[in-house]
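The block underneath contains the structure these notes are about, expressed in structure tokens.
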Amino acid sequence: MLSDPRVSACMVLYHSDKSVENTARCIAESTVPVSLYVVDNSPEDVTAQFVQLECPDAVILPQKKNIGYGRANNAVIPLLRSRYHLILNPDITFAPDLIERMIQYMDQHEDVVILTPRVLNPDGTEQFLPRRRPTVRYLLGGPLEKHGGPFAAWRREFTLADEDISEPVEVEFATGCFLLIRTHAFYRMQGFDPRFFLYHEDTDLSLKALRMGKIVYHPQMCVTHAWNRGSAHSKKLLMMHISSTIKYFAKWGLKW
Numbered sequence: 032m033l034s035d036p037r038v039s040a041c042m043v044l045y046h047s048d049k050s051v052e053n054t055a056r057c058i059a060e061s062t063v064p065v066s067l068y069v070v071d072n073s074p075e076d077v078t079a080q081f082v083q084l085e086c087p088d089a090v091i092l093p094q095k096k097n098i099g100y101g102r103a104n105n106a107v108i109p110l111l112r113s114r115y116h117l118i119l120n121p122d123i124t125f126a127p128d129l130i131e132r133m134i135q136y137m138d139q140h141e142d143v144v145i146l147t148p149r150v151l152n153p154d155g156t157e158q159f160l161p162r163r164r165p166t167v168r169y170l171l172g173g174p175l176e177k178h179g180g181p182f183a184a185w186r187r188e189f190t191l192a193d194e195d196i197s198e199p200v201e202v203e204f205a206t207g208c209f210l211l212i213r214t215h216a217f218y219r220m221q222g223f224d225p226r227f228f229l230y231h232e233d234t235d236l237s238l239k240a241l242r243m244g245k246i247v248y249h250p251q252m253c254v255t256h257a258w259n260r261g262s263a264h265s266k267k268l269l270m271m272h273i274s275s276t277i278k279y280f281a282k283w284g285l286k287w
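Residue numbers for the sequence shown follow my numbering, so the first one is 32 and each next one is one higher.
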């Protein structure tokens, strides 16, 4: 582990598959050194071993049970000594120079608290993820967009899908699948709100970050995300998503 890393990173595992090795390889091949922490919410698996094959110096933090995504990310806060902190899913891949380019941008724009990239599907098409602050209609637009009409329009408005974004732009949301945050800001906001076990923890973090500075979406910074949209296929995850949505609106207010 680096003694004084400029960039740290945290990856949370929970019954992840062997593809996490690809993510770890991207960290290992980064043109800037990255101090990697892996919080393992399913230590009965062997997934963490795949990470260590690529990143022998990674610090593995096994948990006794699944403590949730946000709480797991918070477990590394006392250990961080970096200037920038990367939060990423174990199903993300990216070019070796990406992190270096991102920190260069942050160095040049000190009012930016979080930098969020363009997220692509494995086939190269864009994943139009949220970029505005969630509202009731925006959240309805996601699961109902297949019906077209106002639902599809709400989803496209939520994700800025109809806007021609060719330059960095300020947004209200940074996806938790991959974001670069100033470590001191992550400290000050005490990380993720642990009340969000899964879903909307990144929404909440984004709104806290906006109290401290800007969130910028940069279309020239790209990652690939093997996204499976778990809540769309699992009743348990769907109920968890609904529960987190209720908590989000209770905390930040209901807006149509």
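Note that the Cβ used here is the ideal one computed from N, Cα and C, for glycine as well. Keep in mind the model is a prediction, meaning the values are calculated, not measured.
Leaving out five residues before and five after residue 191 in sequence, what residues of the same chain have Cβ atoms less than 6 Å from its Cβ?
The count along the sequence shown starts at 1 and reaches residue 191 at position 160. If we look at residue 191 and ignore the five residues flanking it on each side, its Cβ neighbours are 162.
query: How many Å lie between residue 193 and residue 181 at the Cα?
result: What you label residue 193 is simply residue 162 of the sequence shown in a count that begins at 1. What you label residue 181 is simply residue 150 of the sequence shown in a count that begins at 1. Using only the alpha carbons, I get a separation of about 14 Å.
**Asked** Helix, strand or coil: which one does DSSP assign to residue 106?
**Response** Indexing the sequence shown from 1 puts residue 106 at position 75. Residue state, collapsed to three classes: coil.
Taking only three categories from DSSP, how would you classify residue 228?
Position 197 of the sequence shown, counted from the first residue, corresponds to residue 228. Of the three classes helix, strand and coil, the one that applies to residue 228 here is coil, per DSSP.
Secondary structure of residue 263, DSSP reduced to three states | Taking the sequence shown and counting its residues from 1, the one referred to as residue 263 is at position 232. Low per-residue confidence applies at residue 263: pLDDT is 46, beneath 50, and the placement is therefore not dependable, though the value from the model is reported in the following sentence. Reduced to three states, the DSSP call for residue 263 is helix.
Nearest to residue 284 by alpha carbon, out of 257, 55, 235, 216?
Counting from 1 along the sequence shown, the entry for residue 284 is found at position 253. Nearest of 257, 55, 235, 216 to residue 284, Cα basis: 235.
Compare the C-beta of residue 64 with all C-beta atoms of chain C and state if any pair is closer than 8 Å. No chain C appears in the structure shown, which is made up of a single protein chain.
For the alpha helix (DSSP H) containing residue 168, name the first residue and the last one.
Along the sequence shown, read from residue 1 onward, the residue named residue 168 stands at position 137. Element bounds for residue 168: 167-175.
field: residue 139, enclosing alpha helix (DSSP H) - first and last residue
entry: Within the sequence shown, numbered from 1, the residue matching residue 139 stands at position 108. Where residue 139 is concerned, the enclosing alpha helix (DSSP H) stretches over 129-139.
ask   = Can the beta-carbon of residue 63 be found closer than 8 Å to that of residue 37?
value = Here residue 63 refers to the residue found at position 32 when the sequence shown is read from its first residue. Here residue 37 refers to the residue found at position 6 when the sequence shown is read from its first residue. In contact: residue 63 and residue 37 (Cβ atoms closer than 8 Å).
Boundaries (first-last residue) of the alpha helix (DSSP H) holding residue 58:
Within the sequence shown, the letter at position 27 stands for residue 58. Looking at the DSSP string, the run of the alpha helix (DSSP H) that includes residue 58 is 51-59.
| query | Quick one: is residue 263 buried, meaning 16 or more other Cβ sit within 10 Å of its Cβ, or exposed? | reply | By one-based count along the sequence shown, residue 263 stands at place 232. Low local confidence applies: a pLDDT of 46 at residue 263 is under 50, so the model's placement there is unreliable, with the coordinate-based value given in what follows. Residue 263 should be labelled exposed.
ask   = Between the stretch 116-134 and the stretch 206-213, are three or more C-beta pairs nearer than 8 Å?
value = yes
Worksheet item: Can we say the stretch 46-60 touches the stretch 79-96, given the rule of at least three CB pairs closer than 8 Å?
Response: yes
Practice prompt. Return the CA-CA distance between residue 288 and residue 242, expressed in angstroms with no decimal places.
Written response: It is not possible to answer for residue 288, since the shown part of the chain is limited to 32 through 287.
- Run the CB neighbour count on residue 218, radius 10 Å, all protein chains shown included, and call it buried at 16 or more, exposed below. Working through the sequence shown from its first residue, we reach residue 218 at position 187. By the 10 Å Cβ count, residue 218 comes out exposed.
Nearest neighbour of residue 96, chosen from 72, 268, 166 [CA to CA]:
Residue 96 sits at position 65 when you count from the first residue of the sequence shown. Nearest option by C-alpha distance: 72.
ask   = Which two residues bound the contiguous alpha helix (DSSP H) that contains residue 45?
value = Looking up residue 45 in the sequence shown gives position 14. Careful: residue 45 lies outside any alpha helix (DSSP H) and carries neither H nor E.
Next item on the list: Under 6 Å Cβ to Cβ from residue 282, same chain only, skipping five residues before and after it: list those, please.
Entry: Taking the first residue of the sequence shown as position 1, residue 282 is located at position 251. None.
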